[in-house]
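Heads up, the thing below is written out as structure tokens.
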Amino acid sequence: MNRNNVTYNADQVDRIRLAYCGIFPEITPGLSDYWGLNRQRPWSYVTSNFHTSTYEQYFALHSEVQNIDGQPLGTWGKGEALREASRQFGVGYSIGLCPWTDHLLGETYSEDKDRVTILLGHDWYPIVNPECSRSGSPLQTGDALHFVERYWPAAPQAVFDSSTVALFINLYPDYRPPGDPKCGSLRRYGYSYAQCLLGLDATIAALANRFRHIQVISWGANVWEALLPRVQDVARNTRLSRYFRAAPGKVLKMNAGGRDLEYLPIFHPSFSPTFSNEDHLRHLKKGFSSLGLGLPGPSTATNVHVLKARQIDVGTVDF
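In the numbering used here, the protein residues as written are 25 to 343.
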């Protein structure tokens, strides 16, 4: 079965929306600004206002995306058309924050859980990617961590077995422009890391009203460097690889939302050589365990990097 052809039904959408509303009973001005709900930033169309959006709106946008994908518009023209469709139907290209968090909440959320694990990425992909003929849709279920095996080592078992509520959040919350490269600096787009950190503060402050335990696992050097001013007992110019080679698996303290959070930075899973690096795999295994989140990846995975991460000897490391 092609996961890209499977869509959420109305009941599934309602379940995901209610999970978001349970976590964020109020969308504060700080959250609304960070998530771009006023659509003032050029490509702030990933998110939706889950308090007011309906299945009918998501379905209408989903149908229009299929229509747009069938037109010979070119990369930039397609981006403009997708943006206008979002404006027309009043929702973005996810049920809430982004497709990966939509799916994770559907899999992991329940009202009785008091722990949330944040997987903190850098940014979302371009709204139009010339390498992919099919555009995203708020109802598309296949765009999710659970279906991208190469990313599995970068998330702990607790995420996959739903023993923690899991959120996937991008520090930079918008799309990249049509046809933009899928990685690299975003400084030229006029939304600074300082503004992103204020948005992260607003997000953490809201989460603290709902969850007793908040943990953060960041993906990639760009996020690590942006967060370094908030990290305790680490020099501002410390490279990510230097940190984990010196103290593999050491859980740091990072301030956000006025709170000191448990924080584990790791490499980004899109760069596969780093997930063959034994120093990094040792860091993953020991770090996830130290957070109380189990081993890397799903327990049933046959992915070679997951298996290697699970089997590697962490030795004895004293901090």
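All C-beta atoms in this analysis are idealised placements derived from N, C-alpha and C, irrespective of residue type, glycine included.
Contact belief for residue i with residue j at Cβ below 8 Å, rounded distance in angstroms
| i | j | result |
| --- | --- | --- |
| residue 289 | residue 308 | 11 Å between Cβ atoms; not a contact. |
| residue 226 | residue 52 | 6 Å |
| residue 237 | residue 147 | Going by Cβ atoms, the distance from residue 237 to residue 147 rounds to 27 Å, so no, they are not a contact pair. |
| residue 311 | residue 229 | Residue 311 to residue 229, Cβ: 25 Å. No contact. |
| residue 125 | residue 30 | With a Cβ gap of about 18 Å, residue 125 and residue 30 do not count as contacting. |
| residue 206 | residue 152 | Actually they do not touch by this definition, with Cβ atoms about 12 Å apart. |
| residue 297 | residue 178 | About 14 Å separates the two Cβ atoms, so there is no contact after all. |
| residue 111 | residue 215 | So it is not a contact: roughly 19 Å between Cβ atoms. |
Same chain, Cβ closer than 6 Å to residue i, five either side skipped, listed in chain order
| i | result |
| --- | --- |
| residue 89 | 159, 161 |
| residue 129 | 40, 43 |
| residue 223 | 58 |
| residue 47 | 234 |
| residue 68 | 60, 198 |
| residue 306 | 272, 336, 338 |
| residue 36 | none |
| residue 217 | 250 |
| residue 54 | 226 |
Beta-ladder partner(s) of residue i, from DSSP
| i | result |
| --- | --- |
| residue 151 | According to DSSP, which records beta bridges pairwise, residue 151 is partnered with nothing at all. |
| residue 237 | 139 |
| residue 166 | Paired residue(s): none; residue 166 is not in a bridge. |
| residue 284 | 279 |
| residue 200 | 150 |
| residue 243 | 290 |
| residue 144 | 193, 242 |
| residue 31 | 164 |
| residue 66 | Partner(s): none; residue 66 has no beta bridge. |
| residue 255 | 278 |
| residue 177 | Answer by DSSP bridge pairing: none, since residue 177 is not bridged. |
| residue 320 | 180 |
Proximal residues to residue i (C-beta, below 7 Å), its chain only, five neighbours per side dropped
| i | result |
| --- | --- |
| residue 74 | 41, 44, 45, 119, 120 |
| residue 84 | 113 |
| residue 248 | 242, 264, 289 |
| residue 25 | Unreliable positioning characterises residue 25 in this predicted model, as indicated by a pLDDT of 40, which lies under 50. The coordinate reading is nonetheless provided below. Closer than 7 Å at the Cβ level, and outside the excluded window around residue 25, lies no residue. |
| residue 186 | 131, 132 |
| residue 279 | 254 |
Under 7 Å between C-beta atoms of residue i and residue j
| i | j | result |
| --- | --- | --- |
| residue 33 | residue 173 | no |
| residue 163 | residue 82 | yes |
| residue 183 | residue 140 | no |
| residue 286 | residue 239 | yes |
| residue 100 | residue 330 | no |
| residue 203 | residue 272 | no |
| residue 157 | residue 115 | no |
| residue 316 | residue 243 | no |
| residue 200 | residue 150 | yes |
| residue 251 | residue 260 | no |
| residue 313 | residue 181 | no |
| residue 304 | residue 291 | yes |
Proximal residues to residue i (C-beta, below 8 Å), its chain only, five neighbours per side dropped
| i | result |
| --- | --- |
| residue 263 | 245 |
| residue 334 | 309, 319, 320, 321 |
| residue 277 | 255, 256, 257, 284, 285, 286, 287 |
| residue 38 | 79 |
| residue 92 | 102, 105, 106, 109, 159 |
Quiz item: Quick one: any contact between the segment 95-107 and the segment 124-143, if contact means 3 or more CB pairs under 8 Å?
Solution: Contact annotation: the segment 95-107 does not touch the segment 124-143, with fewer than three C-beta pairs closer than 8 Å.
Exercise. Report yes or no: do three or more beta-carbon pairs, one from the segment 259-273 and one from the segment 164-172, lie closer than 8 Å?
Key: With a cut-off of 8 Å on Cβ pairs, the segment 259-273 is not in contact with the segment 164-172, counting fewer than three such pairs.
Practice problem: Check whether the segment 53-70 touches the segment 233-253, taking contact to mean three or more Cβ pairs, one atom from each stretch, closer than 8 Å. | Solution: Put simply, the segment 53-70 does not touch the segment 233-253. Fewer than three CB pairs are less than 8 Å apart.
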